[in-house]
Each structure stands twice: as C-alpha cells, then as structure tokens.
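Undergrad: Sharing a structure, written as structure tokens. Questions coming.
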Amino acid sequence: MSRPAGLRPVGRLWHAATVAIALGVLAPVLSLAWLALGADLTHWTHLATHVLPEAALNTALLLAGVGALTLIVGTGCAWLVATTDFPGRRWLQWALLLPLAMPTYIVAFAYLDLLHPLGPVQGAIRWMLGYDSPRQFRLPDLRSLGGAVFVLGMVLYPYVYMTARAMFVTQPAHLMEAARLLGEGRWGAFRRVALPLARPALAVGLSLALLETLNDIGASEFLGVNTLTVAVYTTWITRSDLAGAAQIACAMLAMVVALVLLERHGRRHQRFGSAQRMRAVTPRRLQGPAALGATLAALLPVLIGFAAPAAYLVWETIKRLRLGGGVSSALIGSLGNTLAVALGVTVLAVAAGLVVAWATRQPPGALTPRRWPARAASLGYALPGTVLAIGLLTPALAADAGIATLLGLPGLPLMSLGVVLVVACTIRFLAMPVGGIEAGLSRIPASLEQASRLLGESALGTLRRVHLPLLRPALSAGALLVFVDAMKELPATLLLRPADFDTLATWLYAEAARGTYEEGAIAALLIVLAGLLPVALLARTPVSGGAVQADDITPHP
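Quick look at the structure:
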C-alpha cells in the first residue's frame, strides 16, 4: 500500500519549509518578549509611571473613536448603495473604495495644510462670513485627538464598507420582506434583521481598520497624539532605549491580541451570514429630495477621504513644477529605493506565500490538512510595523554579526543592504499572498491534481503544469497588493532602513517634520497613484454567491 501523499518525502520537505517560514514569522514576537522580560524593573516602573498611562489612554480613545466612525460611515454607505437606487450610485459604489489608496499619514499631511488657520479652507469660510483674520474665527485645531479620529476614520472606513456591502448585497430578500410583513419599518428591519446578519462582516472590516490605526505612526505624530506606536518610536530612536521600546511594544501586542479575539468572536457564527441560491434584495428607487440626500451622503466620504487631499497633492505638485523647482535628485533616488524594496518584498512574499499555501492545502490522499503553519505565517499582518521592527532587530543583528564574521565583512551587511527591511515587510504582508493563493487553490478541483498524479506527474510537476497556470490571477492580485503596501509602509521602514536610505514614505515623513510641503507633495502623489492600482482591482471584483471575491485577497487577522 502506498503512503498518503501528505507523508511522502517531497511533502515532508514542503511541510518543513512551511514550518520554517511560520517560525520565521513568530521569531520577532519571541524576541520581543525576551527583550522585554530581560530588562530590569526600573524600566517597567518608569514606563508604568510616565509613559504607558498617557500613551495607552490615547491609543484606546483613538481606537474607540476610529472604530465608531468607520462603523457608522462604512455601514451606512454600504446599506445605502446596496438597498437603494439613486443618481450616481453606479460609480459611487466603487468610488467609496478610493480612500484605500490614501495612506493615513498622507491624508494627515494634506489636511494639516488645507485646514491651517491661514490655509484655503478656513480662509474661504472667513471670507463667506465676513471675517478678516484667524483671531475673529478659526476652526478647532486639527492637531488633536479629535483630528486624528477624523482623519483616520475617513481614510479607513472602506474596510467596513467593503465587507458590509458584500453581506448586504447577498442577504436573502425574503427575510427583509418577512420583517416588513410583521410590522417593522425600514429602520426596524435594518436594525433587527440586516445588521445582525452582517455582524461577521462588520467584525472583519472593523478589526482591519483598528489594526491599521494601531500600526499608524505618521498621522498620529503629525497630529500631536502620543499613541503607543509613537511612544515606541521615540523611546527607541530619541532615547536609544531598546528595552523600554520592547516593553511598550508588548503592551501594543496585548491590544493586537484583543482585536484579533474581537474579530474571531464576531465571526463565530459566520456560517449563518451567507445566502447562496437565494433572491437578493432589490434596490429601492429614490426620488426627489431623498435621492439628492442619498447622493450627497455617499459622496461626502469620497470627497473628504480622497478627493480633497488628492486635489491638494496635485495642486502642490503643479505649483512646485511651475515655479521651476523640478524634482530633486534625492527624491528620484528615494523613488528608486522604494521600487527596489517593494520589488524585493513582492518576490519574496509571493514565493513564500506559494510555498505555505500549496504545502498546507488538502492534497489527495492526506488524512488531515496541515493548517497551523499557514495560520502562523499569516500573523505578521496583525503585528504593527514598530512592534515587528523591534522584535526582528535582535535576531537580525545576531545573524548579521555571524555573516560578517564568517565572510570577513566589515559592519552589518544585511542591515546596510536593506535585507532586514525587506524581510520585515515580507513578514508583515505575507498574509496577502497566502490568503489569495489559498482561495485560488480552493477553486481548483481536486480531480485535476489526482489526474496529474495518476498520469505519473510528480508533486513539483503538478504544481508547475496544473496549479501555477490556474493560480495566475491569484498570484498577480497578491503581488500587486504586496507591492503597493510595501511602497506605502512607513513604521518598519523608519526603524530598519539603512543609513542615508530614504523611500518615498520616509521622504514625505521628513518633509512634513520640517514643514516643507512642496517636494513632500510630489512623493505623496506618487504613493497615491500607486495605491490606486489595488483599488481598481477591488472595484472590478464582483460580489456574488454570498461572498465577496475581494475578501480572498484581504488579509484577516
């Protein structure tokens, strides 16, 4: 009797490679715990007294505010475009995804100038009200916790909108009709039927938005909010206190665990939220003022989260070029560095994702799937960039020192060549190709692989001749998402980049810190243009069959 395919030597090699990748993802977490526990009690006492209370409170308030705003805006817009028909609905349903192309730190960068007391928005308001100076009238300062909630919420609401809309579109119409027949109004039917059914999708979208909030460093620092992420950065870079930064990062990990548990709890009944082979809700046609109000309500988040900051970046770029400033050689070098890092991360992440997803699938003849390595390898997305950078630093320095000694090289070759930065970004974004390739493999009939093996093809031959051609769309989508997110990554890049090495994100960060917006706007515009590519991919993704196809390439915590 032949052994099951899952136990053959080739299968064991693939499994060993997958376990190695999973352990590589877990290594920063273990290193972080070792760093934090190895510090003396004076660090903990100082942090518990002077740093953690304020930073933890600000972070909790920021998460609560962003969570509430993304739920309200994302769920409201999703229900509006899924159940009603109004002028502009056809293009607004994909335009509502556009803020995903805007990194949070770029929107904060833009609104700091737009909403400045001497900026165009407040100037126009004072002109309309007949005031002459900011002393007579000025809006509340954007550099505040409320300003951070506003900026982050209006950029991150598409996570909730995307998953909620998929659920609303595919909910069975007869349930809503039954609620109306039993005397419920439209609001009552939404609150008592549609909303509970959509709870799993809302939990997924909310958890992703909150994880992005926890990962943010640029917007929070620009807006003067001392969060745990900002505290980690300043403790490490400004005070050169790696142990203290590790201890703050452990507090962040506790919040990450809480968010992941929230997401799992919200999805525990997800099997009841799908409505396959059932008639979907037919959008209700709105007329008159109701139609105008719906159009304006759906348009407002697009204007705030994308159109206004994008128009500002275009205007500042044109102004810079028109004044003869041109593009500096340093900025062009930053663009080259960005593309090089993003390309390296993409190749490494897609290759590792293919290994993990293919080795942990259910092969013909295997008794049980080997799922834990894939789950462990996908945990990197839940780790904020600052936490990942600190956890990776110690093992990276040890490996760097060993390689330098072995090869007789001076300094730290891995750090100086940007290899550590590429590895960190690969760990953080590995969930994207793993999820997409797993979804692609699930759509390939097992009979194709069985036929290939019966015809004498090896496991690697089956992968090359059967799986890879069929996985091309999933591989392309995963590569695109990883490439763009690697271009936008700021926290890990700030902490792990080589000396005198700038990407577009760090260039923008430095320009904003100096208060020079002209070249920063050019760098920001380039990042936004790249970010439009995955948004176009998501906009073209159909919603059908009770599940959203875009969910296949959206990483879950």
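Residues 56 to 612 in the numbering used here are what the sequence shown lists, from first letter to last.
Yeah, the Cβ is synthetic: ideal placement off N, Cα and C, and Gly gets one too.
Since the model is a prediction, treat every value here as computed from it, not as a measurement.
1) Assuming residue 575 contacts residue 156 under a Cβ cut-off of 8 Å, what Cβ separation, rounded to an integer in Å, is found between them?
2) Using only the alpha-carbon positions, how far apart do residue 541 and residue 395 sit?
3) Could you say if the region 159–175 and the region 354–368 meet the contact criterion of at least three C-beta pairs nearer than 8 Å?
4) Given residue 81, which residues of its chain have a CB within under 8 Å of its CB, disregarding the five upstream and five downstream residues?
5) State the DSSP-derived secondary structure class of residue 181, mapped to helix, strand or coil.
6) Is residue 558 helix, strand or coil when you go by DSSP?
7) Going along the chain, which residues of its own chain have a beta-carbon closer than 7 Å to the beta-carbon of residue 353, five neighbours each way excluded?
8) Helix, strand or coil for residue 104? Go by DSSP, reduced to three states.
9) Compare the beta carbon distance of residue 130 and residue 207 with 7 Å and say whether it is the shorter of the two.
10) Out of 138, 515, 546 and 555, which has the shortest C-alpha to C-alpha gap to residue 67?
11) Among 556, 492 and 403, whose alpha-carbon lies nearest the alpha-carbon of residue 527?
12) Spatial neighbours of residue 200 within its chain, please: C-beta separation below 7 Å, excluding the five flanking residues on both sides.
13) Pick out whichever of 305, 211 and 195 has its Cα sitting closest to the Cα of residue 84.
14) When DSSP labels each residue in this structure, what does residue 187 get in the three-state scheme?
15) How about the region 212–224 and the region 247–262: do they share at least three Cβ pairs that are nearer than 8 Å?
16) Less than 7 Å between CB atoms is the rule here; does residue 465 satisfy it with respect to chain C?
17) Specify, as a first and last residue, the run of the alpha helix (DSSP H) that residue 617 falls within.
18) Determine the closest residue to residue 173 out of 103, 256, 194 and 266, with distance taken between C-alpha atoms.
19) Using only alpha-carbon positions, find the residue among 563, 442, 339 and 465 that is nearest to residue 551.
20) Pick from 313, 271, 251 and 284: whose alpha carbon is nearest that of residue 300?
21) On the criterion of 16 or more Cβ atoms from any shown chain inside 10 Å, does residue 226 qualify as buried, or is it exposed?
22) Taking only the alpha-carbon atoms, compute the straight-line gap between residue 139 and residue 218 and give it to the nearest angstrom.
23) Once you ignore the five residues that flank residue 73 on each side, which residues in its own chain have a CB closer than 8 Å to its CB?
24) Can you tell me whether DSSP reads residue 337 as helix, strand or coil?
25) Does the separation of the CB atoms of residue 545 and residue 273 fall below 7 Å?
26) CB residue 468 to CB residue 408, shorter than 7 Å?
27) Within this structure, are the beta carbons of residue 484 and residue 404 separated by less than 7 Å?
28) What did DSSP end up calling residue 271 once you bin it into helix, strand or coil?
29) From the DSSP output, in three-state form, read off residue 415 for me.
30) From the DSSP secondary-structure annotation, give me the bridge partner or partners of residue 139.
31) So the alpha helix (DSSP H) residue 168 belongs to, where does it begin and stop?
32) How would you label residue 271, buried or exposed, when you count the other beta carbons within 10 angstroms and need 16 or more for buried?
33) Is there contact here, the region 577–593 with the region 382–389, by at least three beta-carbon pairs under 8 Å?
34) Beta carbon of residue 153, beta carbon of residue 369: below 7 Å?
35) With a threshold of 16 other CB atoms inside 10 Å of the CB of residue 220, please say whether the residue is buried or exposed.
TA: Short version:
1) The pair is not a contact, with the Cβ atoms about 17 Å apart (cut-off 8 Å).
2) 10 Å
3) yes
4) 431 and 434
5) helix
6) coil
7) 132, 135, 136, 147 and 151
8) helix
9) no
10) 515
11) 492
12) 113, 116, 117 and 280
13) 305
14) coil
15) yes
16) Chain labels in this structure do not include chain C; a single protein chain is all it has.
17) Examination of residue 617 is not possible in this model, given that the chain is present from 56 through 612 alone.
18) 194
19) 442
20) 284
21) buried
22) 18 Å
23) 410, 411, 414, 415, 425, 428, 429 and 432
24) coil
25) yes
26) no
27) yes
28) coil
29) coil
30) 339
31) 159–169
32) buried
33) yes
34) no
35) buried
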